[in-house]
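Protein chains in written order, with our numbering: chain Y, -3 to 209; chain C, -3 to 209.
Just so it is clear, CB atoms sit at the ideal spot from N, CA and C, and this is done for glycine as well.
What you are looking at is a predicted structure, and each value in this text was computed from that prediction instead of being measured.
What follows is one structure encoded as C-alpha cells, with my remarks underneath.
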DNA sequence: CATCTTTTGAGAGTTACTTTCACTTGACTG
DNA sequence: CAGTCAAGTGAAAGTAACTCTCAAAAGATG
C-alpha cells in the first residue's frame, strides 16, 4: 500500500529466498499496526465511524495519537489498508500472456475475493458496510483503487508490449474497476445478500458484451 | 447539484413558462455564490489549493467564513459545483428511446463538453489541473460523478422500462463514467493537449468493442 | 556495556467544518 | 407605508483530523 513505505531490512544472514526472520523491532511494529486496526474496527462497530475519534483509537490500542498517524496517513486508511495489490499483481503476471485481458482479470478478481472471503469475511463485510454508509470511506476507497489500477495496468501493459500509460489500457482498467466498485456498492446496499462473485461475473459479462443494454 | 437544495420561489405572477424574475434576495444570493467561486479560483491559481484557506476566500469575497460554508458544504465543492447534471439529464431524455444507450451517452457527453468548453474553457482547465494535482478534489469529484450517475441511470432506466437500481444499468453507467474520468485524468496529466472529445470517443469505442484490448 | 539509530509520546499549532445565537435585511400584509 | 415575519448573515466558541518539533525511551550493533 501507498502508506507502507519500504523500510530497511535487517541485513540478516539467513538463506537467500527465506523470509528474513524479523527482528524484535519489526515484530513490535506489526503488532502495533494490528492493534490499531483491531481497536478501530471494534470501536467503529460499537459506536459508528464518525463517533470514533483517533484519540479513542489510540487509547484502545495503547499508543499515543501521534503513533496512530505514524502508522496510517488518514483515519480512513486504518480501515482500508490491505495487502492485496501485490498478490493480485503476481496472479495477473502468472496468467498466460495470450489470455484475453478481461478473462485474466475475471480470474484473478475471483481468486482474490475468494481468498478474502475465506480468511476475513467479517472484515470484508464491515468494510463494505462502511463503504456504503460513509462518504469519506467511499472516496478514499476510490483513490486506493486507482493505485491498484496502476499496478494492474503495468502488468497488463508489460505483457502486451504497450505502455502502461496507454490510454486504452487505462480506460480498460478504469472500466473494470469502476464496474467492480459499483457491484460492491450494490451488494452492500442490498444487505450483502447473494453471491458477490457471481454478481461480479455478471458485470464483467456486461462489459464484455460491449455495454449493449 | 447535491449542495443546491431547492429553495422557495417567489410566487410571482409572471407568465407560465417564463423564468420567475428572481427577487432581490435571490439575485443577491447568486452574486454571493459567484463572488465566492471567483475569489476561490483566483486565490488558488495564485497560491495553490492547500495554501488557500476558507478565511482568505471569505475575506476576498467579502463575506464571513460561516457564509462560505452556508453556500458550499466543503472547500472542494467551491471548485467543483456546477449545474450540468440537469442539463445532461434533459438532453438524455430528449434522445430517441430506441437509440443504443452508449450512443446516447456519447452524444450528450460530447454536447455538454462542447458547451462547457465554449463558455468556460479556462475553468474546465483549472478544474482538470486540480483534479490531477489535489487528491481531495479527485476524491470529491468521484462522489459528484456518482450523483450524476444516479441521474443518468434513472433516465436510462425510465426509457428501457428497467429499474434505476438494476445492476446492469448501474454497471453500465459506472463503466462509462469511470472511463470518462480516466480520459480526463489522462488529458490533464499530458498537459491538456489534444482534443478531449476525440479522446472520449476513443474510450467509448473501446467500451463498445467489449474491452478487447 | 556503550553508542548509534529508530521509534515513541507529549505538546502546541493549523484548518476545515459545526453549532448557536443575536442581528440585519428583504419580502409580504393590512 | 409601517409593521411583522422569514430568511440570510456574522461573531464566536467548539470539535477533530492532521502536522511539526523535540526530547525521552528502547532496539540494534560492535
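Here residue 180 of chain C is buried: its Cβ has 16 or more other Cβ atoms, across all protein chains shown, within 10 Å.
When rounded, the separation of the alpha-carbon atoms in residue 153 of chain C and residue 63 of chain Y is 49 angstroms. For residue 175 of chain C, the chain Y residues whose Cβ falls inside 8 angstroms of its Cβ are 167, 170, 171, 174, in order along the chain.
Membership of residue 182 of chain Y in the alpha helix (DSSP H) is indicated by the continuous run 163 to 185.
In terms of CA proximity to residue 134 of chain C, Y/139 leads the group Y/134, Y/76, Y/130, Y/139.
With a contact defined as Cβ atoms closer than 8 angstroms, residue 177 of chain Y and residue 149 of chain Y miss out at about 16 angstroms. Under the Cβ criterion (8 angstroms, minimum of three pairs), the region 198 to 206 of chain C does not count as touching the region 193 to 200 of chain Y. The beta carbon of residue 194 of chain Y sits no closer than 7 angstroms to any beta carbon of chain C. In terms of Cα proximity to residue 26 of chain Y, the closest of Y/107, Y/68, Y/39 is Y/68. Measuring C-alpha to C-alpha distances from residue 76 of chain C to each of C/146, C/160, C/156, C/30 identifies C/30 as the nearest.
Excluding the 5 residues flanking it on each side, residue 112 of chain C has same chain C-beta neighbours closer than 6 angstroms at 120, in chain order. When secondary structure is reduced to three states using DSSP, residue 47 of chain C falls in the coil class, being assigned neither helix nor strand.
Against chain C, the beta carbon of residue 136 of chain Y has neighbours under 8 angstroms at 135, listed in chain order. Within chain Y, 208 have C-beta atoms less than 7 angstroms from the C-beta of residue 96 of chain C, given in sequence order. For residue 139 of chain Y, the uninterrupted alpha helix (DSSP H) run begins and ends at 131 to 156, by DSSP. For residue 61 of chain Y, the enclosing alpha helix (DSSP H) stretches over residues 61 to 67.
Under the DSSP assignment, residue 208 of chain Y falls outside any alpha helix (DSSP H); it carries neither an H nor an E label. Separation of the CB atoms of residue 207 of chain C and residue 85 of chain Y is rounded to 19 angstroms, and the pair is thereby denied contact status at 8 angstroms.
The shortest C-alpha to C-alpha distance from residue 109 of chain Y to any of Y/80, Y/125, Y/99, Y/93 is the one to Y/80.
Between residue 202 of chain C and chain Y, the shortest Cβ-Cβ separation is below 7 angstroms. Counting along the chain, the unbroken alpha helix (DSSP H) around residue 85 of chain Y starts and ends at 80 to 90. The beta carbon of residue 85 of chain C does not come within 7 angstroms of any beta carbon belonging to chain Y, so the residue lies off that interface.
With a 10 Å radius around the Cβ and a threshold of 16 neighbouring Cβ atoms, residue 73 of chain Y comes out buried.
At a cut-off of 7 angstroms, the C-beta of residue 199 of chain Y has a neighbouring C-beta in chain C. With 16 or more neighbouring CB atoms inside 10 Å of its own CB, residue 97 of chain C falls in the buried class. Neighbourhood of residue 113 of chain C in chain Y, by CB distance below 9 angstroms: empty, with the nearest CB roughly 19 angstroms away. For residue 56 of chain C and residue 32 of chain C, the gap between their C-alpha atoms comes out near 8 angstroms. Y/169 is the residue among Y/124, Y/169, Y/164 whose C-alpha sits nearest the C-alpha of residue 146 of chain Y. Relative to the Cα of residue 126 of chain C, the nearest Cα in the group C/192, C/46, C/24, C/114 belongs to C/46. Not one beta carbon of chain C lies nearer than 7 angstroms to the beta carbon of residue 99 of chain Y. Counting of Cβ neighbours within 10 angstroms places residue 20 of chain Y among the exposed residues, the total staying below 16.
Among the residues facing chain Y, residue 45 of chain C is not included, as its CB has no counterpart in that chain under 7 angstroms away. For residue 191 of chain Y, there is no enclosing alpha helix (DSSP H), as DSSP marks it with neither H nor E. Secondary structure at residue 35 of chain C: helix, using DSSP grouped into helix, strand and coil.
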